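Working notes, structure below.
Protein chains: 2
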Amino acid sequence: MSEDDIIQEMLLNEDNDDQLTPKQRKILQAAVEMFAEKGYASTSTSEIAKRAGVAEGTIFRHYKTKKDLLYSIAVPMITKFAAPFFAQHFVKHVFNDQYSGYDELLRKLIHNRFEFAKENIPLLKIVLQEMAFQHEMQEKYKEIFSENVLPRFREVVDHFKEKGQIEDYPTETVIRLTITTIVGFLVTRFIIMPDYPWDDEQEIERTISFILHGLETQS
Amino acid sequence: MSEDDIIQEMLLNEDNDDQLTPKQRKILQAAVEMFAEKGYASTSTSEIAKRAGVAEGTIFRHYKTKKDLLYSIAVPMITKFAAPFFAQHFVKHVFNDQYSGYDELLRKLIHNRFEFAKENIPLLKIVLQEMAFQHEMQEKYKEIFSENVLPRFREVVDHFKEKGQIEDYPTETVIRLTITTIVGFLVTRFIIMPDYPWDDEQEIERTISFILHGLETQS
DNA sequence: ACCTTAAGTGAGTGATTACTCACTTTTATA
DNA sequence: TATAAAAGTGAGTAATCACTCACTTAAGGT
Chain A
1 MSEDDIIQEM
11 LLNEDNDDQL
21 TPKQRKILQA
31 AVEMFAEKGY
41 ASTSTSEIAK
51 RAGVAEGTIF
61 RHYKTKKDLL
71 YSIAVPMITK
81 FAAPFFAQHF
91 VKHVFNDQYS
101 GYDELLRKLI
111 HNRFEFAKEN
121 IPLLKIVLQE
131 MAFQHEMQEK
141 YKEIFSENVL
151 PRFREVVDHF
161 KEKGQIEDYP
171 TETVIRLTIT
181 TIVGFLVTRF
191 IIMPDYPWDD
201 EQEIERTISF
211 ILHGLETQS
Chain B
1 MSEDDIIQEM
11 LLNEDNDDQL
21 TPKQRKILQA
31 AVEMFAEKGY
41 ASTSTSEIAK
51 RAGVAEGTIF
61 RHYKTKKDLL
71 YSIAVPMITK
81 FAAPFFAQHF
91 VKHVFNDQYS
101 GYDELLRKLI
111 HNRFEFAKEN
121 IPLLKIVLQE
131 MAFQHEMQEK
141 YKEIFSENVL
151 PRFREVVDHF
161 KEKGQIEDYP
171 TETVIRLTIT
181 TIVGFLVTRF
191 IIMPDYPWDD
201 EQEIERTISF
211 ILHGLETQS
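Chains A and B are the protein sequences, given in the same order.
Sequential numbering of the first sequence, starting at 1, is according to full-length UniProt numbering.
Sequential numbering of the second sequence, starting at 1, is according to full-length UniProt numbering.
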């Protein structure tokens, strides 16, 4: 297990499941389901308690407030979704030419985040929804994005711009176009049209080549 | 004024402002502001009444329920956002070669929706947020999309695919990539990072050429 | 076995919720 | 100017809200 893998492992177990009471686990599970279904503000603590098979007081034994419960669910998810950008090798491989081009990086990134999204749909729904209103979540997002995602992404894009693989747009524009295309795909695939008969492998490849050609240096 | 313009005029005045009481207008204005700021579920009718300078009962004189108030605001907005697809000339011009290529169509569409978004940010926020939970809004969206947006978009894309301007992806994929890129741009520009020092004209042109080259037939 | 601490409970609380209704005021029409 | 309809009001209501607290049960260390 590499050093990076250990870091990622830690990130994933920030809210370590091991030290949770069975009832606490049921509370979290019920809360995730209901927040995703009806939204945070429209879900009452009594409903959560009922679905979890727990007395309402038990919720407040573990979480000081209802908002505490939300944050304990949603904030770690923001970090987890950005996890690839915490791995050292994400940038390192690019400069060691272990990625031959932007396409390989994109392919790894999309496949990786696709699988993650697939297994965390309700959690992603909650984050997307509540990000709009919960300031503490916005802060966490801004922190992660500006301190981890943006600088590393910038290094990579600049590198491929110098190699002449990417059109000479501002780096921020390249990042914006890349991220919105990927996130747009994931949101469409898993949230807006989850029941559409997707051919995932092909659709991922088409998305990659759309980004690549869209950013390709024009002759 | 062409026939299309008349249709669009009608669409825009579906909830005709003219026949609104001054107090009713204040209620709508207050509701839009607060729903966008704190979300529908977290906004109480008493707060709306207070901000509108109106007795709480007045709200229910005009809107049977709180949800009625939301729908009267949000549902027409869905139609308005899709308005370009109701205009006959949207498709007609393409086949009369009045648009020389996909780029001109994209340019018109993006500029048009950019201006619209710019002047309706709170309303767009509300629609984006509440679409997740309000079934009646989802129905309206599906109806508009599958009956107006999708078929007309399909005609246009098929036309340019036959002309060899667009890569031979499935039409649905081309539409998905186009729409998510445009919507992704608008959401980033006006909702996620409204304070970033945007160079709108340049960013629009870059977005257009990103889509164009991304979809361009590869030699 | 004894004690301390943590986990779990559920009836109770004051505040707030969407909505009603009897009433007053304004507007429109004849 | 008389009259009916529409607009506006605000105190009142039952339900629900997040949260508390005195209490019981379970777990772990010595």
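In this text, a Cβ means the ideal position worked out from N, Cα and C, and glycines have one as well.
Small disclaimer: the values here were computed from a predicted structure and weren't measured.
For residue i, the first and last residue of its enclosing alpha helix (DSSP H)
{"i": "D22 of chain A", "result": "The displayed chain sequence assigns Pro, not Asp, to residue 22 of chain A. Looking at the DSSP string, the run of the alpha helix (DSSP H) that includes P22 of chain A is P22 to K38."}
{"i": "D68 of chain B", "result": "K66 to F81"}
{"i": "P122 of chain B", "result": "I121 to E130"}
{"i": "N112 of chain A", "result": "Y102 to K118"}
{"i": "E143 of chain B", "result": "H135 to I144"}
{"i": "F86 of chain A", "result": "No alpha helix (DSSP H) holds F86 of chain A; DSSP gives it neither H nor E."}
{"i": "V156 of chain B", "result": "L150 to E162"}
{"i": "E201 of chain B", "result": "D200 to L215"}
Chain A within 8 angstroms of residue i, Cβ atoms only
{"i": "A132 of chain B", "result": "yes"}
{"i": "R206 of chain B", "result": "yes"}
{"i": "M1 of chain B", "result": "With a pLDDT of 47 at M1 of chain B, under the threshold of 50, the modelled position of that residue is not reliable, and no figure is offered here."}
{"i": "S146 of chain B", "result": "no"}
{"i": "Q129 of chain B", "result": "yes"}
{"i": "Q24 of chain B", "result": "no"}
{"i": "I126 of chain B", "result": "no"}
Residue i at chain B interface by Cβ criterion, 8 angstroms
{"i": "R152 of chain A", "result": "no"}
{"i": "Q165 of chain A", "result": "no"}
{"i": "Y169 of chain A", "result": "yes"}
{"i": "Q19 of chain A", "result": "no"}
{"i": "Q218 of chain A", "result": "yes"}
{"i": "D200 of chain A", "result": "no"}
9 angstroms Cβ cut-off: residues of chain B touching residue i
{"i": "T181 of chain A", "result": "L177, T180, T181, G184, F210 and G214"}
Under 7 angstroms by beta carbon: chain B residues contacting residue i
{"i": "Y102 of chain A", "result": "Neighbours of Y102 of chain A on chain B: none; closest Cβ ~13 angstroms, over 7 angstroms."}
{"i": "T188 of chain A", "result": "R176 and T180"}
{"i": "A41 of chain A", "result": "G39, A41 and S42"}
Interface residues of chain A facing residue i [CB-CB closer than 8 angstroms]
{"i": "T45 of chain B", "result": "The contacting residues do not exist; T45 of chain B stays about 15 angstroms from chain A at best."}
Within chain B, the residues that residue i reaches when beta carbons sit closer than 8 angstroms
{"i": "K38 of chain A", "result": "F133"}
{"i": "T173 of chain A", "result": "E203 and R206"}
{"i": "Q88 of chain A", "result": "Within 8 angstroms Cβ-Cβ: nothing; Q88 of chain A doesn't reach chain B, min ~28 angstroms."}
Expected contact under 8 angstroms - CB spacing of residue i and residue j to nearest Å
{"i": "T188 of chain B", "j": "R152 of chain A", "result": "Not confirmed; about 19 angstroms, so no contact."}
{"i": "T173 of chain B", "j": "R206 of chain A", "result": "5 angstroms"}
{"i": "I126 of chain B", "j": "I73 of chain B", "result": "7 angstroms"}
{"i": "A117 of chain B", "j": "L124 of chain B", "result": "6 angstroms"}
{"i": "I59 of chain A", "j": "L69 of chain A", "result": "7 angstroms"}
{"i": "A30 of chain A", "j": "A55 of chain A", "result": "Rounded, the Cβ-Cβ distance is 13 angstroms, inconsistent with contact."}
{"i": "E136 of chain B", "j": "Y71 of chain B", "result": "6 angstroms"}
{"i": "G214 of chain A", "j": "F210 of chain B", "result": "4 angstroms"}
{"i": "V149 of chain B", "j": "F85 of chain B", "result": "5 angstroms"}
{"i": "P122 of chain B", "j": "V32 of chain B", "result": "5 angstroms"}
{"i": "F133 of chain A", "j": "S42 of chain B", "result": "7 angstroms"}
{"i": "Y40 of chain B", "j": "E130 of chain B", "result": "5 angstroms"}
Contact list for residue i against chain A, beta-carbon separation under 7 angstroms
{"i": "Q29 of chain B", "result": "Under the 7 angstroms cutoff, chain A gives no residues; its nearest Cβ is about 20 angstroms from Q29 of chain B."}
Whole runs of the beta strand (DSSP E) within the region 164–193 of chain B, excluding any shorter than 3 residues: none
Identify every run of the alpha helix (DSSP H) within the UniProt DNA-binding region "H-T-H motif" (44–63) of chain B, keeping only runs that are complete inside it and at least 4 residues long; order them along the chain. 45–52 and 56–62
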